[in-house]
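One structure is given here, and the rest of the page talks about it.
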Amino acid sequence: MNEPLEELLTAVTQSPKYRAIAPDLIRRMGAAELAKRRSFKEAVKGTKNKLHQVGGAYWDTAVDYPKALARLQTAADEETRRQICRDLMRLHASTRERLPILDEFYATTLAGLPPIRSVVDVACGLNPLAIPWMPLAADVVYHAYDIYGDMLAFLQAYLGLVGINGETGAVSGRVHHQDILSQPPAEPADLALILKALPCLEQAESGAAARLLGSIQARHLLISYPAQSLGGRGKGMMENYEAQFWDLVNGTPKAASGRDWHITRFEFATELAFLVTTS
Ligand SMILES: C[S@@+](CC[C@H](N)C(=O)[O-])C[C@H]1O[C@@H](n2cnc3c(N)ncnc32)[C@H](O)[C@@H]1O
Numbered sequence: 026m027n028e029p030l031e032e033l034l035t036a037v038t039q040s041p042k043y044r045a046i047a048p049d050l051i052r053r054m055g056a057a058e059l060a061k062r063r064s065f066k067e068a069v070k071g072t073k074n075k076l077h078q079v080g081g082a083y084w085d086t087a088v089d090y091p092k093a094l095a096r097l098q099t100a101a102d103e104e105t106r107r108q109i110c111r112d113l114m115r116l117h118a119s120t121r122e123r124l125p126i127l128d129e130f131y132a133t134t135l136a137g138l139p140p141i142r143s144v145v146d147v148a149c150g151l152n153p154l155a156i157p158w159m160p161l162a163a164d165v166v167y168h169a170y171d172i173y174g175d176m177l178a179f180l181q182a183y184l185g186l187v188g189i190n191g192e193t194g195a196v197s198g199r200v201h202h203q204d205i206l207s208q209p210p211a212e213p214a215d216l217a218l219i220l221k222a223l224p225c226l227e228q229a230e231s232g233a234a235a236r237l238l239g240s241i242q243a244r245h246l247l248i249s250y251p252a253q254s255l256g257g258r259g260k261g262m263m264e265n266y267e268a269q270f271w272d273l274v275n276g277t278p279k280a281a282s283g284r285d286w287h288i289t290r291f292e293f294a295t296e297l298a299f300l301v302t303t304s
């Protein structure tokens, strides 16, 4: 056992803000910080900063998940439940930014695809709450990945409540509390949702975006980027992200993986998206 690393894990998870984060990500970031900082204290601080950048910065306040679940469970009908989902999506900056375009986002980007029977939602945040807006097959299986254990437990319970296409029912699927830098999603799927996740992963580790794209086994990939930074700055961001996307596509060894990619671009007020179809 690596004692300083385990001590760092204990120190970091003493803070409620980082307690629910996947230990494999804390260890990965902590090991890098221990190697480069002069003291243990600085390494703990550096790890917390990194975790804030990739996760904590998207939350304004701690979420009361039991209360959120109770609201969803006691909703009188599907329409009320959709409204509660909208309210809850406000709690994470990434889904909050998507609310003004939610009615068109999935309807537009996924229009014309064959029935989507399996989804992997990579670095999902609260995005599974948008399932009622996604044109999915009634028998879809949904896999959601993120680093927050408390959020994922809530989302697992939510999958048992949510219906497809306005129907009452439940969605089959599973949440995965794991660091996708260390362990990328393994399930093959009709659709991978990689929404606003690549800049965040790349910030954690250079080369992470290309590695992830190279390993995902999906027929269609919906990849998106924010139109603005978390602080609200937008100037030139779209252009930068678009350039990053094309560099990534051109740099990913499609031939080696036997992939030929067809790409459609969509520009929304708050998000830039690309639907990649592999064959
Ligand atoms: C910009 S948000 C995007 C959330 C969601 N995809 C959306 O568009 O609404 C980035 C998400 O990545 C998650 N995340 C960051 N690093 C991760 C990692 N190494 N493994 C899995 N999830 C990660 C964060 O917790 C956060 O929910």
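Per this note's numbering, the very first residue in the sequence shown carries number 26; after that it's consecutive.
Glycine included, C-beta positions come from ideal geometry on N, C-alpha and C.
Remember, predicted model here, so these are calculated numbers, not experimental data.
Close beta carbons around residue i, own chain, < 6 angstroms, minus the five adjacent residues each side
i    : result
L113 : A93 and L154
L300 : T134, L247 and T289
H202 : A47, G174 and L177
I241 : A217
D285 : S304
A163 : I189
E122 : T295
A57  : none
Nearest-angstrom beta carbon gap, residue j and residue i [assumed within contact, 8 angstroms]
i    : j    : result
I46  : G71  : 15 angstroms between Cβ atoms; not a contact.
G198 : H168 : 6 angstroms
D49  : S249 : No, D49 and S249 are not in contact; Cβ-Cβ is about 25 angstroms, not under 8 angstroms.
V165 : I189 : 6 angstroms
S117 : W158 : According to the sequence as given, residue 117 is His; it is not Ser. Incorrect: roughly 16 angstroms between the Cβ atoms, too far for contact.
R142 : L124 : That pair is no contact at about 27 angstroms.
P322 : A87  : A question about residue 322 goes unanswered here, because the residues of the chain that appear run from 26 up to 304.
L59  : A68  : 5 angstroms
Sequence-distant residues of the same chain with beta carbon closer than 7 angstroms to residue i, five excluded per side
i    : result
D171 : A148, C149, G150 and L177
A132 : P160
R52  : L30 and L34
I109 : R96, L97 and A100
Cβ shell of residue i (< 8 angstroms), same chain only, five flanking positions each side left out
i    : result
L186 : L97, Q98, R106 and A195
I205 : V147, A148, Y170, L226 and L237
T120 : M114, G150, L151, N152, L154 and A155
L126 : The question names Leu, but residue 126 is Ile in the sequence shown. Excluding sequence neighbours, I126 sits near F293, A294, T295 and E296.
Among the options, the one whose alpha carbon lies nearest that of residue i
i    : options                   : result
T303 : L138, L206, Q181 and D204 : L138
P224 : A252, P157, T86 and V200  : A252
A235 : M262, E264, M263 and L273 : L273
T38  : V145, A294, K73 and R62   : K73
E296 : A163, H287 and E129       : E129
Y183 : E28, P41, A136 and A95    : A95
Q243 : V145, E264 and L220       : Inspection of the sequence shows that residue 243 is occupied by Ala rather than by Gln. Here the closest residue by C-alpha is V145.
A298 : E32, L220, G261 and E103  : L220
Y43  : Q78, G261, F179 and A222  : Q78
Y90  : F179, M262 and F291       : F179
* Counting pairs of beta carbons, one from the segment 141-157 and one from the segment 260-270, are three or more of them closer than 8 angstroms? -> Short answer: they don't touch.
* Three or more C-beta pairs below 8 angstroms linking the segment 223-233 and the segment 186-196 -> As far as the Cβ criterion goes, the segment 223-233 does not touch the segment 186-196, which means the pair count is below three.
* Report yes or no: do three or more beta-carbon pairs, one from the segment 95-104 and one from the segment 211-222, lie closer than 8 angstroms? => Result no; under three Cβ-Cβ pairs closer than 8 angstroms.
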